[in-house]
Every structure is written in C-alpha cells, then in structure tokens.
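I have placed the structure first, in the form of structure tokens, so that the comments after it can refer back to it.
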Amino acid sequence: MPQETLALAHGAVTAQIVPGRGGLVAALEVEGRDVLFLDRATLEDPAKNVRGGIPILFPFAGKLEDERFRPADTRMTQHGFGRNKPWAVREQRADGVRLGLVQDDESRAKYPYDYDVEYGVQLLPRGLQVELLVHNKGNPPLPISPGWHPYFRCPAGRKAEVTADVPGLRPAQQFTDAREFDFGLEAPVSGRARFDLPGLGGLRLSFSPTLRHLQLWLQPGRDFVCLEPFYGPNNTVNTDRRLDVPPGQARDFWMRIEVEP
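Here is the structure:
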C-alpha cells in the first residue's frame, strides 16, 4: 500500500520523508545523485521492517540479550519500535520537518514510561541533518540507547572499492561483497568519519559525541552499505552503560550526512 510521503527541497538537495513508516527518510538526492538505498517492497508492506532509507532506532539500537528489555522486564526485538511506528507531523517547511512519535497500547506495554520523542529533518546545501530529542516527562529515569541505521547506495559487486577513513578500522575489516559483513567499533572521538562509495563519491558522516559506537553492515548481492551511529553496542540499554534521562529533562542526538562536490 502506498505511503503518504513528504517532499523537501533545498537548492540541489531533495528528500522524501514517510511519517507513517517510522518517520523514515526514504530518499536523499544531492545534485541528481541518489544517496540512499531503498527496498520499496518492504516500505509498502507494514508487516516487514523497511530495508533502506534512514530508520530511527528507538528506544535502543542493536539487539537485546534474549530479546528482553530488562529495565521494564518486557520483550522487544532488534532496534526497538520507533522505526515501525507512525510519527505525526508537528511542523513542516519547504526544507525541513519535525515529527513526533505516536505512542499506542503496544508501545506503552513494551516501554511503560511517560515521555515524548521529537524528530527533526533539515536539509543542508549538500545533504541533511537529523535530530532526535527525547524528553522524560515522568518520574523514573528513562532508559535509552538510540541510534540511526542509514542505508547508503553502493552497487553490489563493487563493495571492495569502498574506502573508509575511520579511526579504529583495521585492515582486515575491509568491505567485501563475498560475505555478510557486520561489526562494530568505538566511534571516533571527533564524531566524524569519511567514506568513498563507488557511484557516489566522497561521503562525510558526522554525529553527536554521545553516539559512541559505529556499526558497519552489508549483505552480499544487495546494493547498500550501512554505516550506523549508535549510542552503544548490542544490549547497552540493559547495562549501566545506557543513558538514563533524568525526570523532567531531555537529551538530544544528531547525525549529519554530506556528499562532497
């Protein structure tokens, strides 16, 4: 079923946002170059997780041990529920939009807290910036470990051509299309990384210093590589390394994607 889509534009940059499918940034184009991969069949099937775009990972990124969310003793699958729930439009401009996460009985049962999550998308001269603002409206601390899961377009069979300037990336961890590739590393202290992607060119990824983990993932035969800033690795939200937002306070996170000339 086709989803309602918001179109944004700023100079030579355009984007498409799908509020009803997790607030997904489904497309980003810079000077005619498609930046993001999208499997449209998964976008249009509400029973599936969307493969592509920039999924929002909330209240946590990654996998939980035994799919158990221990702070509330509930069950949640990989990456939480934010990427699958509808987001409501709160403000829209020609070059940006702000959305709010729509809570329902299912999300309240899994995550029984009083909170508000706002998501902003702002186009830039050569890309975009996304921002997640998490407000704890209740009394107990709000346990989170969020992130993003951008799918960057990269032709299958050419992933070995990808080069990365990321501190901590070892030579043995080079991109390949011969096998599934999934590993994480401590994010650069600078909050910046640079990649050269075949067909796209230079890509600069920057993000909040609080997003301390960078996950890299690809699948053989698929036209994407995923470069994912997380607050922490798998199961962080179940440990004392998670972020507990104090009552009445808010925390924000951002990520910027820019294509070099």
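With the first letter of the sequence shown counted as 1, position 82 gets the number 82 in this note's numbering; the numbers rise by one all the way through.
A virtual CB, placed ideally from N, CA and C, is assigned to each residue, including glycine.
Neighbour-count burial assignment, residue i, 16 or more Cβ in a 10 Å radius
i, result
"glycine 248", "exposed"
"proline 171", "Note that proline 171 scores a pLDDT of 48, beneath 50, so its modelled location is shaky and nothing firm can be said."
"alanine 12", "exposed"
"aspartate 190", "In the sequence as presented, aspartate is not what sits at residue 190; that position holds serine. Exposed, by the Cβ-count rule."
"lysine 48", "exposed"
"glutamate 31", "exposed"
"glutamate 258", "buried"
"threonine 236", "buried"
"arginine 108", "exposed"
"arginine 75", "exposed"
"glycine 22", "buried"
"glycine 232", "buried"
Distance CB(residue i)-CB(residue j) smaller than 8 Å
i, j, result
"glycine 221", "tyrosine 151", "no"
"leucine 205", "leucine 185", "no"
"phenylalanine 81", "lysine 110", "yes"
"alanine 26", "glutamine 16", "yes"
"leucine 243", "serine 145", "yes"
"leucine 197", "valine 245", "no"
"asparagine 136", "tyrosine 115", "yes"
"cysteine 154", "aspartate 223", "yes"
"leucine 128", "leucine 38", "no"
"asparagine 238", "glutamate 67", "no"
"alanine 160", "aspartate 182", "no"
"leucine 132", "aspartate 252", "yes"
"glycine 20", "proline 86", "yes"
"alanine 164", "phenylalanine 207", "no"
"glycine 138", "valine 117", "no"
Best match in the options for proximity to residue i [C-alpha to C-alpha]
i, options, result
"threonine 42", "Phe69, Gln3, Arg33", "Gln3"
"alanine 156", "Trp148, Val117, Leu218, Gly62", "Leu218"
"valine 134", "Arg75, Ile56, Arg70", "Ile56"
"valine 50", "Leu36, Phe60, Pro59", "Leu36"
"tyrosine 119", "Ala193, Phe195, Trp254, Thr14", "Trp254"
"aspartate 95", "Arg70, Thr14, Asn238, Glu180", "Thr14"
"alanine 324", "Ala61, Leu142, Ser208", "No statement about residue 324 is possible, as the shown extent of the chain runs from 1 to 261 and does not include it."
"leucine 6", "Ala61, Val121, Phe60, Ala164", "Val121"
For residue j and residue i, the rounded distance between their alpha carbons
i, j, result
"threonine 18", "arginine 126", "Per the sequence shown, the amino acid found at residue 18 is valine instead of threonine. Going from the Cα of valine 18 to the Cα of arginine 126 covers about 21 Å."
"glycine 147", "leucine 211", "7 Å"
"glutamine 92", "arginine 40", "24 Å"
"glycine 201", "arginine 158", "13 Å"
"valine 97", "valine 89", "7 Å"
"aspartate 45", "phenylalanine 58", "21 Å"
"proline 112", "proline 261", "46 Å"
"proline 229", "phenylalanine 69", "21 Å"
"glutamate 106", "valine 225", "31 Å"
"proline 284", "alanine 193", "Outside the shown range of the chain, which is 1 to 261, sits residue 284, and nothing can be said about it."
"proline 209", "glutamine 215", "15 Å"
"glutamine 265", "leucine 203", "Given a span of 1 to 261 for the chain in the structure shown, any question on residue 265 remains unanswerable."
"histidine 213", "aspartate 104", "30 Å"
"phenylalanine 60", "arginine 256", "19 Å"
"valine 102", "glycine 199", "37 Å"
"glutamate 180", "aspartate 73", "32 Å"
"histidine 149", "proline 140", "28 Å"
"leucine 124", "valine 130", "10 Å"
Chain B within 8 Å of residue i, Cβ atoms only
i, result
"glycine 120", "In the structure shown, chain B does not exist; there is a single protein chain."
Inset, instruction - Within the stretch 19-88, note down every full alpha helix (DSSP H) run reaching 4 residues or more, in order along the chain. - result: 40-43
Inset, instruction - Run through the stretch 152-232 for me and flag every whole beta strand (DSSP E) of 3 or more residues, listed as ranges in chain order. - result: 163-165, 181-186, 192-197, 201-207, 213-218, 224-230
Legend entry - Those runs of the beta strand (DSSP E) which lie wholly inside the stretch 96-132 and span at least 3 residues: 96-101, 115-124
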